[in-house]
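Numbering (the numbering used here), first residue to last: 5 to 250.
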Ligand SMILES: [Fe+2]
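Right under this line is the structure:
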């Protein structure tokens, strides 16, 4: 089976379009989404509808999906994130808002093959930034393979019986093999707001037959996404950071 793995799209239609264009000729069996479909970007309805059309789809909610759909009030958000979330809540059609509202909380097990979570499989709102958090998750779970998002930082943590390894992805198609006896926590990176210093949209593909994961980076029309953010009156830092990948 081949899985297309998407995370942290954040209503960036330009970035999602570029990703779908990149995989146009690839074959995959199922799309998996790790949360944060909306919030920050200027095209919430379009991005929700584009992802909903990718069937079959397994999707979970992110923290921004919760605030944008009214599950939470966003009291933990900073001013910029909250302003964008409230704008998004007003813009979403009732149908799209309901769809976001009903997204399940992770972790979800996909086809008995791997787990998906937004932040971590223990706490959907917590972050995995480095090996300390990753080790903590490995200790409290038994998943051999779990994909996560939320940090907007593509990274692979591998746990062998005696050590933890961090692999930073590089290049436009970074492929690695899942070794027997190892456990993995994999972040495919963010499509709509990368924060690893590389502004290119980031996503993953999992092939369970060859036991390989590939993290792709794709250029997109960043200026267009920025123009739409500013035209909608959303906070300028949301536009500026897209070009920096921060
Ligand atoms: Fe996010």
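Where a beta carbon is used, it is the ideal one built from N, C-alpha and C, also for glycine.
Since we're looking at a predicted model, the values are computed, not measured.
Query                                                                                                                                                             : Result
Any heavy atom of ligand 1 inside 7 Å of the beta-carbon of residue 66?                                                                                           : yes
Less than 7 Å separating the Cβ of residue 47 from some heavy atom of ligand 1?                                                                                   : no
Can you tell me where the alpha helix (DSSP H) with residue 49 in it begins and where it stops?                                                                   : 48 to 56
Between 37, 45, 68, 70, which has its C-alpha nearest residue 56's C-alpha?                                                                                       : 37
Does the beta-carbon of residue 209 have 16 or more other beta-carbons within 10 angstroms, so that it is buried, or is it exposed?                               : buried
How do the stretch 15 to 27 and the stretch 112 to 131 stand: do at least 3 beta-carbon pairs fall below 8 Å, yes or no?                                          : no
Put residue 189 into one of helix, strand or coil per three-state DSSP.                                                                                           : strand
With 16 other CB atoms within 10 Å as the buried threshold, where does residue 97 fall?                                                                           : exposed
Out of curiosity, what's the CA-to-CA distance linking residue 112 and residue 243?                                                                               : 32 Å
Closer than 5 Å is what we want: which residues have a beta carbon that near any heavy atom of ligand 1? List them in chain order.                                : 12, 40
Per DSSP, which one or two residues make a beta bridge with residue 119?                                                                                          : 113, 150
Identify every residue that forms a DSSP beta bridge with residue 206.                                                                                            : 221
Alpha carbon to alpha carbon, what distance is there between residue 120 and residue 63?                                                                          : 9 Å
From residue 174 to residue 80, what distance separates their C-alpha atoms?                                                                                      : 33 Å
With DSSP as the reference, identify every bridge partner of residue 10, one or two as the case may be.                                                           : 37
I need the straight-line Cα distance from residue 189 to residue 211, nearest angstrom please.                                                                    : 16 Å
Using a Cβ-Cβ cutoff of less than 6 Å, which residues in the same chain neighbour residue 118 once the five nearest sequence positions on both sides are dropped? : 149
With H, G and I counted as helix, E and B as strand and the rest as coil, what does DSSP make of residue 169?                                                     : strand
Leaving out five residues before and five after residue 186 in sequence, what residues of the same chain have Cβ atoms less than 6 Å from its Cβ?                 : 162, 164
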